[in-house]
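Per full-length UniProt numbering, the very first residue in the sequence shown carries number 1; after that it's consecutive. Glycine included, every Cβ here is placed at the ideal spot set by N, Cα and C.
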Amino acid sequence: MKEIKRDIYLNRLIRRRENGLIKVITGIRRSGKSYLLDPIFRNYLLSEGIREDHIIKIELDRESNRRYYHDPHAFDQYIRSFVKDEQMYYIILDEIQLVDDFEYILNGLLYEKNLDVYVTGSNSRFLSSDIITEFRGRGDQIRVQPLSFSEYLPACGIEDKYDAWNEYMTYGGMPFVISIQEEQDKAAYLKNLFEQVYFRDILERYDIRRKDILDSLVNVLASSVGSLTNPQKIYDTFRSNGEKALSLNTISSYLSYLEDAFIVSRAERYDIKGRKYISTPQKYYFTDLGLRNARLNFRQQEETHLMENALYNELLFRGYHVDVGVVEIREQGRRKSTEVDFVCNEGSNRYYIQSALHLDTQEKTLQESKSLNHIRDNFKKIIVVKDHIKPWRTEDGIFVIGIMDFMLDPESLIH
């Protein structure tokens, strides 16, 4: 396996270096958060002339550090014991959420002018809420995802990019997967991640007794990627299958646990003409396609939904806020809601994106363009297709690009 480069995240860290804030690196477990900080960021610091003894890394999931879990004062003293002079020290704390009252420790470190602190954690609510309530604007969060296809391709060792794409769409971008040679071993690793890492974390953290419900819920989400749903619909499905004692609150809570562990992400619906959010239903996408496929034993490989999920993850990777768009149109005197797969926002920039396998006929082109053509603003409209094509524009000015060009060109949205 070749070295994995994560330049987009490295550059985000470099921009935040010594900015007076706690850098909080979040994301699903095993996505490469620790690897980003060491060796990638560590090597950058060394190349900038920082001495090795001024880069302090503490891995809290090591057995030797368990003694600090319930003794935050001792842990604070341990961190400070490495600081010997007034020069800048770079403190890397891995899996900080394992320590009780960790936010108070971090707040204390903020007052030290020669400490630049970086922490990782694997639970979004546990970290994000504490950043908001305890740091009061002094925390700077970076979310790390599994490998994007542009990161995956140079590292996977597969020469043909189309073969690599098929592999990526099947086994996903969890970094360790690309070091595994045999397909059955890749599948076993991904299944084991669910059972021994993600589920175990959720079951222990929230004291869940109905693992069977959590199992079934993940399978429901995996089977309905790209489909509109909500807790009520899922609850009704369970009830119709005989789960009479199950409550709607339980389903809602379990969904939030899966989001907090970064296993799935929720995309809200946005009324483009009305400029407002629609509370329900929403769409859920998997953070990694390999994990999604492993849940279904690599069945139900619908290209349409998998490509849509891959596109959603790529847009998040690039730093966009992504919603599902709704456009109301009139046909034969009737009002009808149509969907835009993604509404992507970053600052004042916005893009409307449709995902389609093919535009091989005029009828199909018109079908995929319909909702985009009813949007009455001047933001860029794009259709991403699976086909290997030269980028082109429809008569209405919609930009059409192949998925491979889109994924491998970081500037593909702004051409």
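Check                                                                                                                                                                         : Outcome
Return helix, strand or coil for threonine 361, following the three-state DSSP convention.                                                                                    : coil
Check asparagine 345 in the structure and name its three-state DSSP category.                                                                                                 : strand
Find the nearest neighbour of glutamate 303 within the set Arg30, Asp387, Leu106, Phe82, judged by alpha-carbon distance.                                                     : Asp387
If you measure between the beta carbons of phenylalanine 399 and lysine 370, is that distance less than 8 Å?                                                                  : no
With a threshold of 16 other CB atoms inside 10 Å of the CB of glutamate 314, please say whether the residue is buried or exposed.                                            : buried
Does the Cβ of alanine 245 have 16 or more other Cβ atoms within 10 Å, making it buried, or fewer, making it exposed?                                                         : exposed
What does DSSP give as the partner residue(s) for histidine 321 in the beta ladder?                                                                                           : Asn345
What I want to know is whether the C-beta of isoleucine 178 ends up closer than 7 Å to one or more non-hydrogen atoms of the ligand SAM.                                      : The model on display carries no ligand, and the ligand SAM is accordingly not part of it.
Just to confirm, are leucine 296 and serine 223 a CB contact at a threshold of 8 Å?                                                                                           : yes
Within the continuous beta strand (DSSP E) that includes proline 281, where are the two ends?                                                                                 : 276 to 286
The beta strand (DSSP E) spanning glutamine 141 covers which residue range?                                                                                                   : 139 to 143
Going by DSSP in three states, glycine 121 sits in which element: helix, strand or coil?                                                                                      : strand
For chain B, check one thing: does any of its Cβ atoms lie closer than 8 Å to the Cβ of aspartate 341?                                                                        : No chain B is part of this structure, which consists of one protein chain only.
For phenylalanine 379, name the three-state secondary structure that DSSP assigns.                                                                                            : coil
Taking the Cβ atom as the reference point for each residue, do leucine 147 and isoleucine 263 lie within a distance shorter than 8 Å?                                         : no
Cutting at 6 Å between CB atoms, please list the residues of its own chain near cysteine 156, excluding the five before and the five after it.                                : Ala164, Ile178
Considering Cα atoms alone, identify which of Phe149, His305, Lys233, Val218 is closest to glutamine 282.                                                                     : Lys233
Return helix, strand or coil for lysine 33, following the three-state DSSP convention.                                                                                        : helix
May I have the straight-line CA-CA distance separating leucine 37 from isoleucine 56, to the nearest angstrom?                                                                : 11 Å
Are there 16 or more other CB atoms within 10 angstroms of the CB of glutamine 145, so buried, or fewer, so exposed?                                                          : buried
Among Thr170, Val322, Tyr254, which residue has its Cα nearest to the Cα of arginine 209?                                                                                     : Tyr254
Is phenylalanine 149 near tyrosine 168, with beta carbons less than 8 Å apart?                                                                                                : yes
Cβ of glutamate 95 within 8 Å of Cβ of leucine 60?                                                                                                                            : yes
Looking at the structure shown, is tyrosine 69 part of a helix, part of a strand, or coil, going by DSSP?                                                                     : coil
Can you pull the DSSP bridge partners for serine 227?                                                                                                                         : Serine 227 pairs with nothing; no bridge assigned.
Under the rule that 16 or more other beta-carbon atoms within 10 Å means buried, what is serine 355, buried or exposed?                                                       : buried
Just how far apart, CA to CA, sit asparagine 378 and glutamine 181?                                                                                                           : 47 Å
For serine 101 and threonine 120, I'd like the C-alpha separation in whole angstroms.                                                                                         : According to the sequence shown, residue 101 is aspartate rather than serine. Their Cα atoms are separated by approximately 15 Å.
In the DSSP assignment, what residue or residues form a beta bridge with threonine 26?                                                                                        : Gly121, Arg143
By how many angstroms is the C-alpha of arginine 330 removed from the C-alpha of valine 99?                                                                                   : 57 Å
Please list, in chain order, all residues of the same chain as tyrosine 68 whose beta carbon is under 8 Å from its beta carbon, the five residues on each side excluded.      : Leu60, Ala74, Phe75, Tyr78, Val99
For leucine 366, count neighbouring C-beta atoms within 10 Å of its own C-beta (all shown protein chains included) and say buried if the count is 16 or more, exposed if not. : exposed
Based on Cα-Cα distance, which residue from Phe317, Thr287, Asp323 lies nearest to leucine 306?                                                                               : Thr287
Could you have a look at glutamate 48 and say whether DSSP puts it in helix, strand or coil?                                                                                  : coil
Sorted by chain position, which residues of the same chain lie with C-beta nearer than 6 Å to isoleucine 105's C-beta, five sequence neighbours on each side aside?           : Pro72, Asp76
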